[in-house]
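J.: So the protein lines, in turn, are chains A and B. Quick note, in the working numbering, the first sequence goes up one by one and the last residue is 95. Quick note, in the working numbering, the second sequence goes up one by one and the last residue is 1145. Shown below is the structure under consideration.
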Amino acid sequence: MKKSVILLIFFALFILLVSSLFTMPIENSVFAPSYNATTRYYIENSVRETGAINLVAALITDYRAFDTLGETVVLFTSIVAVVSILRVSKKTKGV
Amino acid sequence: MDDIILRTISRLIIPFIEIYGVFIILHGHVSPGGGFSGGAILGTSLILYTLVFGVEKAQKKFSHKVSDIAESGGILWFILIGLVGIFVTGYFLTNINAGFPIGEPGLLLSAGMIPLLMIGIGIKVASTMITLFHTVIEEAHHGSA
């Protein structure tokens, strides 16, 4: 009984998700929500404003440089955590 | 791993891997790639060295002291370049307005601060990979001994 109810709920969710999938705009469509004024602005102005012909590099290290700094901080924090737990030093040798 | 074929081939191939990594880091603004991917290639070459020649020899090439400096140096370099923008224009991480030369788009020396930031990211990613690997491997050595 309980199992069939759960299965029914999952099936309803599945139908919901699949039906919403068909209403999504296809990739490369002009009407896709991701293709908006921001995209056009970057494509038209990034070379003039940053001097980099690689648009991805211009985005991650110029327009979104603060975000990249955050990613670098994530790397730094992870390495600090791992090293503080695992590094073998002379002090921890007896433990 | 003490294998003569492995050692000879690695000794031949590691310099080329490292040159390719440095190439990808430095050409991040003119071709696909950048600090993250180039740093990953550099770190992989160092991991290959550790796998073939052992941790003791690799520690002499890339010791904990060097990794400490590379780790903190990469991120401090990034913040330092951002601070140039603060002192010149008042905004953090400003590129052209902060006076970095834009150059001619498409050449190696162009795009202002982007190559400088790529170098910092590349050093950071490479040293993160190799430090993680060394730390885990040493811990395993220490635990089994």
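Where is the CB? At the ideal position from N, CA and C, for every residue including glycine. In this text, all values refer to a predicted model and were calculated from it rather than measured experimentally.
1) Classify B:H1141: buried if its beta carbon has 16 or more other beta carbons within 10 angstroms, exposed otherwise.
2) Nearest to B:A1126 by CA position, among A:I26, A:F76, A:I85, is which residue?
3) For B:H1029 versus A:A58, is the C-beta distance shorter than 9 Å?
4) In terms of alpha-carbon separation, which member of B:I1119, B:H1134, B:M1129, B:E1139 lies closest to B:G1035?
5) Using a Cβ-Cβ cut-off of less than 9 Å, list which residues of the stretch 1028 to 1047 of chain B approach chain A; keep chain order.
6) Taking all protein chains shown into account, decide if A:M1 is buried (16 or more other Cβ within 10 angstroms of its Cβ) or exposed.
7) Given a cut-off of 9 Å on the beta-carbon distance, is the pair B:I1114 and A:G70 in contact?
8) Could you tell me which chain B residues have their CB closer than 8 Å to the CB of A:L59, listed as they occur along the chain?
9) Give me the Cβ distance between A:T38 and B:I1121, rounded to the nearest whole Å; I'm assuming they're in contact under 8 Å.
10) Would you identify the three-state DSSP class for A:I85, choosing helix, strand or coil?
T.: Reading it off the structure:
1) Exposure of B:H1141 is indicated by the presence of fewer than 16 other C-beta atoms within 10 angstroms of its C-beta.
2) B:A1126 has its Cα closest to that of A:F76, out of A:I26, A:F76, A:I85.
3) In contact: B:H1029 and A:A58 (Cβ atoms closer than 9 Å).
4) Closest by alpha carbon: B:I1119.
5) Taking 9 Å as the Cβ-Cβ cut-off against chain A, the residues of the stretch 1028 to 1047 of chain B that qualify are G1028, H1029, V1030, S1031, P1032, G1033, G1034, G1035, F1036.
6) Counting Cβ neighbours within 10 Å, A:M1 comes out exposed, since fewer than 16 surround it.
7) Not a contact, by the Cβ cut-off of 9 Å.
8) Going along chain B, no residue has its Cβ under 8 Å from A:L59, so there is no contact; the nearest lies around 10 Å.
9) The pair is not a contact, with the Cβ atoms about 24 Å apart (cut-off 8 Å).
10) In the three-state reduction of the DSSP assignment, A:I85 falls in the helix class.
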